[in-house]
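See structure below.
2 protein chains.
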Amino acid sequence: MHGNERSCYNGGVGKGDDTRQGILAAAGELAGQVGLDGLTIGMLAARTGLSKSGLFAHFGSKEALQLQVHTFNAERFVAEVIRPALREARGEPRVRALFERWLSWASAAGGCPILAASFEFDDRPGPMRDRLVHDQRDWLDTIAMVFAGGITEGHFRPDADPRQFAQDLEGVMLAHHLASRLLRDADAERRTRHSLDVLLAAAASAPHD
Amino acid sequence: MHGNERSCYNGGVGKGDDTRQGILAAAGELAGQVGLDGLTIGMLAARTGLSKSGLFAHFGSKEALQLQVHTFNAERFVAEVIRPALREARGEPRVRALFERWLSWASAAGGCPILAASFEFDDRPGPMRDRLVHDQRDWLDTIAMVFAGGITEGHFRPDADPRQFAQDLEGVMLAHHLASRLLRDADAERRTRHSLDVLLAAAASAPHD
């Protein structure tokens, strides 16, 4: 799917879009280890075996490379987390699907690269920070919209606040990321699921109201 | 206070502990912008006007500088957040004091440097990651202990789980950090306080049990 969607971006480095995807995937892995700002074209050349001058000609600058790695990650996020969740039944099932898919995404090697970048760039003005602000707002909008669908369906109380839920769910995910990735806490996932259950129970429409 | 506590660490760069504290504060500010791993001795020399060779002789390596900047931040955190909160009345008032002081700490310029470093180093094995794991565990232990005091006081339910509360409170704080620092969301603090109120209400001992 990505191959067709992004063939227009294809540049001169490799033999086609697969090569490009491979380079960006390798760059994403490196960024998972050294941070997006620690990623250099020299490092990427060493990892991929491609020439530094070829990579430089293709990406133009370290900043452009960072942005393209982030775009690659963000498109994967939409394809693996958001789009499949939006196919689930509206309301609580869709909220749970979004959460479960996020959990799988963040449990993959390297954790969630978008969260990592969000903390890395929160104080660094520039195009990368602007993109992260844009994408994080979209993500919170998506959570709020999916939650609001649960109000319409009668799963959640009419006075529940979708923006509050979005911030709270993001908190549950961030705490999971820290507990599982930094602390390697074996109980992190159990606690994270419990946190979601408590959030959803607090939002649930009371049957006897 | 810091001056007296840490005079034994004083090295040969400056005229005493105040100089040392000033260098570490400047290094902490730089790290807030470029990340702890982006911080170099050359950058610190340019910021402070001290010689690179003098700083290198003092700190020994970039890694040693990183660790000392983190130690400086962690000691400030204990002095500004933990110690004053532990002077408040046990139970819910102490939980709220810990939270309020954390909120002030994270609202200062640069946000919470320990959270930033925790995301930066979660996949980089080494002494810095080891220190962050150690300090984050201590912090979660502190939250759990303060919460457990609220069970003893009868403020919280006997079956409430202090480790669960610690992870949830960390999530509230992380979401606040992202909403306020990356997104500059004017409603972040209002929502963050609401999240704490909901967490505490869920843990509250039911008066009619």
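Going down the list, the protein sequences come from chains A and B. Number 203 in this note's numbering belongs to position 198 of the first sequence; there are no gaps in the numbering. Number 185 in this note's numbering belongs to position 180 of the second sequence; there are no gaps in the numbering. Glycine included, each C-beta is placed from N, C-alpha and C at the ideal position. Fair warning: this is a prediction, and the values are worked out from it, not measured in the lab.
Check, Outcome
"Give me the subset of the segment 173-187 of chain B whose CB atoms are less than 7 Å from a CB atom of chain A, sorted by chain position.", "D173, E175, G176, V177, L179, A180, L183, A184, R186 and L187"
"Hey, does E125(A) have any beta-carbon neighbour from chain B nearer than 8 Å?", "yes"
"Please list, in chain order, the chain A residues whose beta carbon lies closer than 7 Å to that of Q169(B).", "R196 and H199"
"For F161(A), does the three-state DSSP call read helix, strand or coil?", "strand"
"Which whole-angstrom value is the C-beta distance of D173(B) and S200(A), which I expect to be below 8 Å?", "6 Å"
"Is F61(B) a contact residue of the ligand GDP, with contact defined as CB to any heavy atom under 7 Å?", "This structure simply doesn't include the ligand GDP, nor any ligand for that matter."
"If we count the other Cβ atoms within 10 Å of its Cβ and call it buried at 16 or more, is R25(B) buried or exposed?", "buried"
"Express the C-alpha separation of L108(B) and R198(B) in angstroms, rounding to a whole number.", "10 Å"
"Name the chain B residues whose beta carbon is nearer than 8 Å to that of Q141(A)?", "L183, L187 and L188"
"Quick one, which residues of the segment 37-48 of chain B are near chain A if we go by CB-CB under 8 Å, in chain order?", "G37, Q38, V39, G40, D42 and G43"
"What are the residues of the segment 110-121 of chain B that lie near chain A, defined by any Cβ-Cβ distance shorter than 8 Å?", "G115, G116, L120 and A121"
"Less than 8 Å between the CB atoms is what I'm expecting for A32(B) and V83(B), so what's the real figure, rounded?", "A32(B) to V83(B), Cβ: 19 Å. No contact."
"Would you check if there are 3 or more beta carbon pairs closer than 8 Å linking the segment 149-164 of chain A to the segment 111-125 of chain B?", "no"
"Taking contact to mean at least 3 C-beta pairs separated by less than 8 Å, is the segment 99-106 of chain A in contact with the segment 37-49 of chain A?", "no"
"Relative to the alpha-carbon of V39(B), which residue among R142(A), A184(A) and R129(A) has its alpha-carbon at the smallest distance?", "R129(A)"
"Quick one: what's got a C-beta closer than 8 Å to S210(B)'s C-beta in the same chain, skipping five residues either side?", "G159, H160, F161, R162 and P163"
"Determine the contact status of L187(A) and Q141(B), defining contact as a CB-CB distance below 8 Å.", "yes"
"Label M150(A) either buried or exposed according to how many other C-beta atoms from any shown protein chain fall within 10 Å of its C-beta, with 16 as the threshold for buried.", "exposed"
"Using beta-carbon positions only, say whether I119(B) and N78(B) come within less than 8 Å of one another.", "yes"
"Kindly indicate which three-state DSSP category A51(A) falls into: helix, strand or coil?", "helix"
"So A69(A) contacts chain B; which residues on that side make the cut at Cβ distance below 9 Å?", "Residues of chain B passing the Cβ test: none, with the nearest at roughly 19 Å."
"Just checking: is the beta-carbon of A207(B) within a distance shorter than 8 Å of some beta-carbon in chain A?", "yes"
"Is L179(A) closer than 8 Å to G176(B) when the C-beta atoms are compared?", "yes"
"Roughly how far, in whole angstroms, is the beta-carbon of H63(B) from the beta-carbon of G116(B), given that I think they are within contact range, below 8 Å?", "Rounded, the Cβ-Cβ distance is 27 Å, inconsistent with contact."
"Could you work out which residues of chain B lie near V138(A), taking near to mean beta carbons separated by less than 7 Å?", "L187 and L188"
"Report the neighbours of V203(A) on chain B: residues whose CB is nearer than 7 Å to its CB, in chain order.", "A207"
"Using a Cβ-Cβ cut-off of 8 Å (strictly less than) and excluding sequence neighbours within five positions of A191(A), which residues of its own chain qualify?", "none"
"Excluding five sequence neighbours on each side, which residues of the same chain lie with their C-beta closer than 7 Å to the C-beta of L35(A)?", "L44, M48, L49 and R52"
"Going along the chain, which unbroken runs of the alpha helix (DSSP H) with 4 or more residues stay wholly within the segment 40-90 of chain A?", "46-53, 57-64 and 67-82"
"Once the 5 residues before and after L70(A) are set aside, which same chain residues still bring their CB inside 6 Å of it?", "F64"
"Quick check on the burial criterion: 16 or more other C-beta atoms within 10 angstroms. Buried or exposed for R99(A)?", "buried"
"Below 8 Å on the Cβ atoms is my guess for L91(B) versus R136(B); work out the distance and round it to an integer in Å.", "Between R136(B) and L91(B) the Cβ distance is about 22 Å, and since that is not below 8 Å, they are no contact."
"Report the rounded CA-to-CA distance for F126(B) versus A208(B), giving the unit in angstroms.", "33 Å"
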